[in-house]
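Each residue of the sequence shown is one higher than the last, beginning at 1 in full-length UniProt numbering.
C-beta atoms are modelled at their ideal positions from N, C-alpha and C, and glycine is treated no differently.
None of these values were measured; they are calculated from a predicted model.
As structure tokens, the structure follows; a few thoughts come after it.
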Amino acid sequence: MRCGTGVVRPGRRRWFLGSGAGRALPGTGARGAHVHPRHRRGPAAAARRRRSDRGRPADTARRRHRARRRPGGQGRPGGTVRRGGRPDRPGGCPVSTVDSACGRASVAWRADPYTDALRTGRGPLFLRRHDGWLLPLEVERWCDQADSADMAVLRRCEGPVLDIGCGPGRLVAALAAHGSRALGIDVHPAAVARAVHSGGSALCRSVFDGLPGEGRWGTALLLDGNIGIGGAPEALLRRVAEITAPRGLLLVEGACADVDERVEVRVDDTRGGLGATFPWARAGISAVERHGRAAGWTAVEEWSTEERCFVALRRAN
Ligand SMILES: C[S@@+](CC[C@H](N)C(=O)[O-])C[C@H]1O[C@@H](n2cnc3c(N)ncnc32)[C@H](O)[C@@H]1O
């Protein structure tokens, strides 16, 4: 599949904000090195990788979450958002323009390197930490179709699905193709436009702004390292609890390494393109569960597949 004009290689690369402890890669040394192998490894990551795709009960709640998907589900949050059209909720924005909410949110994500990568469907692209660490962003995978690891997540969705930080929209497109109600939100207009182009419904909006169907989403998704959005996982998880329905489900991709850190980063293509600094976070599964507990979530399942690690959390009420 192509995203933009560039040929997209189906890749196995991981979002290394979400896995591996990371290793300093001086920009010059990393030039052309799309994913540093050291980002993939580590004992904790290996331990996570050994776990079965079918998942296991989380330590905190030894309850098995059955694999199931209920198209339609409860209510119609986001039902007023037309694919490729203008949401009829006041304050909504056409998918390919920036409204005031989008204007306020995460301007740094709209830095040229990310825009270029979305346009071409290619990296290299990284988040650069102040100390020079480069954390690879898997643009090719995001611009490809949902893979088996993604589908294992989507099979667990219940009711209408909100994909937070949807990027080019492979997940909302896959859900739409399966007849499930789903909306992607992202602060990047080009990402939203791509998501719509790929067949999903998407809205240019920050998760911290007013959203359609607040309190009625059956499932929220925070994948590809998006637990880092805003740089404060607990605050993000509290916000997601407001958005989801009582007993709603939250599916999070965490780092496969045991990390819990807040960082200042910039989008960097290592070819001279550098965005503004913004806060981000990295959280392993244990940290996601811990932040989740503080925000009113209970972990109900963990699983790993294709070297990616996930946890399902359920809202208490
Ligand atoms: C790590 S990328 C994940 C990409 C995405 N999951 C995909 O499949 O392409 C983070 C995404 O979150 C978006 N983002 C950043 N801050 C956001 C916010 N406050 N609300 C919604 N989306 C946000 C960025 O524009 C970016 O597309």
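Endpoints, the beta strand (DSSP E) within which V185 is located:
Here residue 185 corresponds to residue number 185 of the sequence shown, with the count starting at 1. Reading off the sequence shown, one finds Ile at residue 185, where the question assumed Val. Here the beta strand (DSSP E) through I185 covers 182 to 186.
Should R271 be labelled buried (16 or more other beta-carbon atoms within 10 Å of its own) or exposed?
In the sequence shown, residue 271 corresponds to position 271, counting from 1. Per the 10 Å Cβ criterion, exposed.
Option nearest I185 by Cα separation, candidates G179, R314, G273, R194
Taking the sequence shown and counting its residues from 1, one reaches residue 185 at position 185. Here the closest residue by C-alpha is R194.
Just to confirm, does S148 get its C-beta within under 8 angstroms of one of the non-hydrogen atoms of ligand 1?
As a first step, residue 148 must be located in the sequence shown, where it is residue number 148. For ligand 1, not one heavy atom lies less than 8 angstroms from the Cβ of S148.
Could you please give the first and the last residue of the uninterrupted beta strand (DSSP E) stretch that includes L211?
Position 211 of the sequence shown, counted from the start, is the residue given in the question as residue 211. It is not in any beta strand (DSSP E) - L211 carries neither H nor E in the DSSP assignment.
For A316, is the classification buried or exposed, using 16 other Cβ atoms within 10 angstroms of its Cβ as the cut-off for buried?
Taking the first residue of the sequence shown as position 1, residue 316 is located at position 316. Answer is exposed; the Cβ neighbour count stays below 16.
Report back the beta-carbon spacing between T298 and S148 to the nearest angstrom; my notes put them in contact at under 8 angstroms.
One-based indexing of the sequence shown puts residue 298 at position 298. One-based indexing of the sequence shown puts residue 148 at position 148. With 8 angstroms as the limit, T298 and S148 do not qualify as a contact, their Cβ atoms being about 27 angstroms apart.
For E289, name the three-state secondary structure that DSSP assigns.
Locating residue 289 in the sequence shown gives position 289, where the first residue counts as 1. E289: helix per DSSP, three-state reduction.
Beta-carbon proximity list for V139, same chain, < 8 angstroms, skipping 5 on both sides:
The residue you call residue 139 lines up with position 139 of the sequence shown. Taken in chain order, the residues that qualify are A117, L118, G121, R122, G123, L125.
Contact defined as beta carbons within less than 8 angstroms: I believe R155 pairs with G228. What is the distance between those atoms, to the nearest angstrom?
Here residue 155 refers to the residue found at position 155 of the sequence shown. Here residue 228 refers to the residue found at position 228 of the sequence shown. Not a contact, Cβ separation roughly 25 angstroms.
Buried or exposed, going by whether 16 or more other CB atoms sit within 10 Å of the CB of R129?
Numbered from its first residue, the sequence shown carries residue 129 at position 129. Buried is the call here.
Going straight from the alpha carbon of A295 to that of E289, what length do you get?
Here residue 295 corresponds to residue number 295 of the sequence shown, with the count starting at 1. Here residue 289 corresponds to residue number 289 of the sequence shown, with the count starting at 1. Taking the straight line joining both Cα atoms gives about 10 angstroms.
Is there at least one non-hydrogen atom of ligand 1 closer than 8 angstroms to the beta-carbon of I185?
As a first step, residue 185 must be located in the sequence shown, where it is residue number 185. At least one heavy atom of ligand 1 is nearer than 8 angstroms to the Cβ of I185, so yes.
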